[in-house]
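Notes for the one structure printed next.
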Amino acid sequence: NKTDKETQKAKDKEKEIMTKIEKQREKEQEIEKQKKKQKEIEKYKEKEKEDEIIRIRMSRNKTEKIKWNSEDVEEQQHFIKGFDIIDRKKDKSKDKLKEKDFKKQRRENEDEDD
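Numbering (this note's numbering), first residue to last: 19 to 132.
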């Protein structure tokens with residue numbers, strides 16, 4: 019009878035120890051889950067910060083591009099006007115050369131006819 023009681027006590031003690039170990043494991047797993055969640059949250063927050071920085075940079079770039087483009091358009095217009103003037107001058111000089119060549123050719127033809 020004594021041995022039955024002792025074995026029962028030993029079994030109870032063993033069960034108690036096993037449940038304590040199991041509870042400890044569950045706590046550790048819960049802690050690990052919390053750590054993982056925290057890491058995920060931190061990653062997400064970091065990503066949000068990076069995205070916000072990118073958004074800010076992009077909006078700055080857009081405003082700078084708009085400013086730059088408007089200045090650039092003015093410069094391009096001056097540039098184009100300058101080339102227009104140069105092209106017109108070239109065309110006039112070409113026309114004058116053509117006229118001279120035509121007159122010269124006509125004179126030569128007249129000389130040949132004589």
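Backbone N, C-alpha and C fix where the C-beta goes; we use that ideal spot for every residue, glycine too.
- Rounded to whole angstroms, E34 and E40 show a C-alpha spacing of 10 angstroms.
- N19 carries a coil assignment under DSSP once its states are collapsed to helix, strand and coil.
- The C-alpha of E58 is placed about 14 angstroms away from the C-alpha of K67.
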